[in-house]
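Asks:
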Amino acid sequence: MPILFEFIGFLRKAFFFIILAFLFSAFDLSAVCYPSLQPSSQSNYANFWYDIFSPVSFLLPPHYPKKVIYETKSNYSEIRVYDDGEGWRYLVFLPEYGYQSVLDTKNPEVLVSQYAKLSFLAIPALGQESHKVLFIGMGGAIMPTYFRHYYPDAQIDIVDIDNSIPSIAETYFNFKANKNTKVYIEDGRKFIEETNDKYDIIFLDVYDAETIPQQFTTEEFFQLLRMRLSPEGVLSLNLANFSDKFVLKIFKSVKSAFPNTYAFLTENEHNYVLISLNSEEKALKDLELKSLILDSRNTFNINFQTMLNPVTIIKE
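Each number in this note's numbering comes from the position in the sequence shown (counting from 1) with 5 added on.
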């Protein structure tokens with residue numbers, strides 16, 4: 006009899022999870038976990054369910070409702086590319102805790118993800134023409150492609166440890182290397198240690214499926230990054246909001262090298278973006294002024310001023 010009762014209990018639990026999975030599928034879980042990725046017509050619907058399920062959304066498997074158009078297993082990741090059938094394309098490293106890149110194939114010059122938009126606060130933070138930039142972590146190369154569209158003469162270096170990534174970016178995400186855009190297949194930490202180049206902006210976005218590799222989290226690494234920046238240079242770091250402990254650890258490491266650092270949080274609270282200034286003479290008001298100027302010119306298809314809401318991670 007105890008075995009029978011245990012089996013009945015198991016069936017009850019299984020039935021509960023089947024019903025729960027059905028309900029989440031019916032509500033389109035992508036709108037729950039990733040409301041910022043949905044077309045604007047779904048925004049109210051998505052925000053409603055996000056408000057309800059936000060506390061537990063990280064426990065739920067991401068939902069990519071259409072088909073896998075490519076998958077491979079590299080030396081570092083199991084990789085998939087999804088299409089949603091309406092022009093949205095995702096690059097995902099397994100297990101599926103989120104996406105690495107997302108592209109609106111119908112409007113490829115428009116940034117979709119919130120953290121990518123926030124990352125480009127580095128442009129007004131720099132406050133001058135950018136001649137040489139570095140991307141550590143390639144993904145679908147959405148951000149390098151976007152940057153090159155507005156700065157076609159800038160030297161763009163991209164570093165990624167996985168040699169399968171460039172061909173995926175080229176085939177599925179519209180990336181093309183050229184004489185001003187070079188891709189280096191090697192560990193980003195090693196690249197920073199060995200290069201003598203100085204960059205106006207360094208974009209750091211180095212995740213496997215689950216976390217930032219340890220070599221990119223230390224105080225020593227961020228000191229190295231600062232040494233590779235021009236005097237007015239800017240570090241832009243994408244920091245997934247996995248936990249308060251994780252965010253605090255990385256933020257402290259960054260702050261040790263860059264005292265002049267501002268943190269910004271995406272609307273869905275899934276990502277922080279840290280904007281770190283090499284110059285300690287600049288202040289938030291300088292970033293605000295440059296954002297006002299750039300927005301008035303409508304150059305970048307981003308409204309920088311609406312994103313200038315820094316948050317406090319550590320109270321001074």
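Backbone N, C-alpha and C define an ideal beta-carbon position, used for all residues, glycine too.
Just grab the DSSP bridge partners of GLN160 for me.
Replies: Beta-bridge pairing links GLN160 to LYS137.
Asks: I'd like to know whether the C-beta atoms of ARG231 and ILE197 end up nearer to each other than 8 Å.
Replies: The answer is no: Cβ separation not under 8 Å.
Asks: Please look up how many angstroms separate the CB atoms of LEU116 and TYR104, rounded, as I've assumed it's under 8 Å.
Replies: LEU116 to TYR104, Cβ: 14 Å. No contact.
Asks: Who are the Cβ neighbours of LEU313 in its own chain at under 7 Å, not counting the five residues just before and after it?
Replies: Within the same chain, LEU313 has close Cβ partners LEU292, GLU293 and SER296.
Asks: The beta strand (DSSP E) with LEU99 in it runs from where to where?
Replies: 93-99 is the extent of the beta strand (DSSP E) around LEU99.
Asks: As a quick exercise: from ALA159, ALA130, GLU134 and ASN179, pick the residue whose alpha carbon is nearest that of ASN112.
Replies: Nearest of ALA159, ALA130, GLU134 and ASN179 to ASN112, Cα basis: ASN179.
Asks: What are the start and end residues of each continuous alpha helix (DSSP H) run of 4 or more residues lying completely inside the stretch 154-237, in chain order?
Replies: Within the stretch 154-237, the complete alpha helix (DSSP H) runs of at least 4 residues are 170-177, 193-199 and 224-232.
Asks: For PHE138 and ILE206, which I take to be in contact (beta-carbon distance under 8 Å), what is that distance rounded to the nearest angstrom?
Replies: Rather than Phe, the amino acid found at residue 138 in this sequence is Val. The pair is a contact, with the Cβ atoms about 5 Å apart (cut-off 8 Å).
Asks: Rounded to whole angstroms, what is the Cα-Cα separation between ILE166 and ALA245?
Replies: Cα-Cα distance, rounded: 20 Å.
Asks: In chain order, what residues of the same chain lie with their CB nearer than 8 Å to the CB of PRO315, ignoring the 5 residues before and after it?
Replies: Counting only Cβ-Cβ distances below 8 Å, and skipping sequence neighbours, we find TYR267, ALA268, PHE269 and LEU289.
Asks: How big is the Cα-Cα spacing for LEU299 and TYR81?
Replies: Rounded to whole angstroms, LEU299 to TYR81 spans 39 Å at the Cα level.
Asks: DSSP state of PHE269, grouped into three classes?
Replies: Three-state DSSP puts PHE269 in a strand.
Asks: Measuring straight from C-alpha to C-alpha, what distance separates ALA151 and GLY238?
Replies: Note that residue 151 is Tyr in the sequence shown here, rather than Ala. If you take the alpha carbons of TYR151 and GLY238, they lie about 19 Å apart.
Asks: Would you report the Cα separation of GLU128 and SER135, rounded to the nearest angstrom?
Replies: The residue you asked about is not Glu; residue 128 is Ile in the sequence shown. Cα to Cα, the separation comes out at about 8 Å.
Asks: Which of the three DSSP states, helix, strand or coil, is assigned to TYR104?
Replies: Correct three-state label for TYR104: coil.
Asks: Given this structure, state the Cα-to-Cα distance separating PHE251 from ILE84, to the nearest angstrom.
Replies: Rounded to whole angstroms, PHE251 to ILE84 spans 25 Å at the Cα level.
Asks: Among GLU286, THR317, SER301 and SER79, whose alpha-carbon lies nearest the alpha-carbon of LEU131?
Replies: Of GLU286, THR317, SER301 and SER79, the residue nearest in Cα terms is GLU286.
Asks: To the nearest angstrom, how far is the alpha carbon of TYR39 from that of ASN273?
Replies: Note that TYR39 scores a pLDDT of 40, beneath 50, so its modelled location is shaky; the value from the coordinates is reported in the next line. Straight-line Cα distance between these residues: approximately 8 Å.
Asks: Using the three-state DSSP reduction, which class does ASP89 fall into: helix, strand or coil?
Replies: Coil.
Asks: Whose CA, out of TYR155, ASN185 and GLY142, lies closest to the CA of ILE161?
Replies: Looking at the Cα atoms, ASN185 is the closest of the given residues.
Asks: So, helix, strand or coil for TYR81, using DSSP?
Replies: It is coil, neither helix nor strand.
Asks: Which one or two residues does DSSP pair with ASN276 in a beta bridge?
Replies: DSSP lists ALA245 as partners of ASN276.
Asks: Which one or two residues does DSSP pair with GLU76 in a beta bridge?
Replies: Beta-bridge pairing links GLU76 to ARG85.
Asks: Can LEU242 and LEU279 be called in contact, C-beta distance under 8 Å?
Replies: Yes, the Cβ-Cβ distance between LEU242 and LEU279 is below 8 Å.
Asks: Within 10 Å of its beta-carbon, does GLY92 have 16 or more other beta-carbons around it, so buried, or fewer, so exposed?
Replies: Answer is exposed; the Cβ neighbour count stays below 16.
Asks: Flag this pair as yes or no: are the beta carbons of TYR204 and SER235 separated by less than 8 Å?
Replies: Result yes, Cβ atoms of TYR204 and SER235 sit closer than 8 Å.
Asks: My understanding is that LYS254 touches THR223, with C-beta atoms under 8 Å, so please give their C-beta distance in whole angstroms.
Replies: Not really, about 10 Å apart at Cβ, beyond 8 Å.
Asks: What number of angstroms, rounded off, separates the C-alpha of GLY90 from the C-alpha of LYS257?
Replies: Cα to Cα, the separation comes out at about 42 Å.
Asks: At the level of alpha carbons, what is the spacing between ILE74 and VAL86?
Replies: Straight-line Cα distance between these residues: approximately 6 Å.
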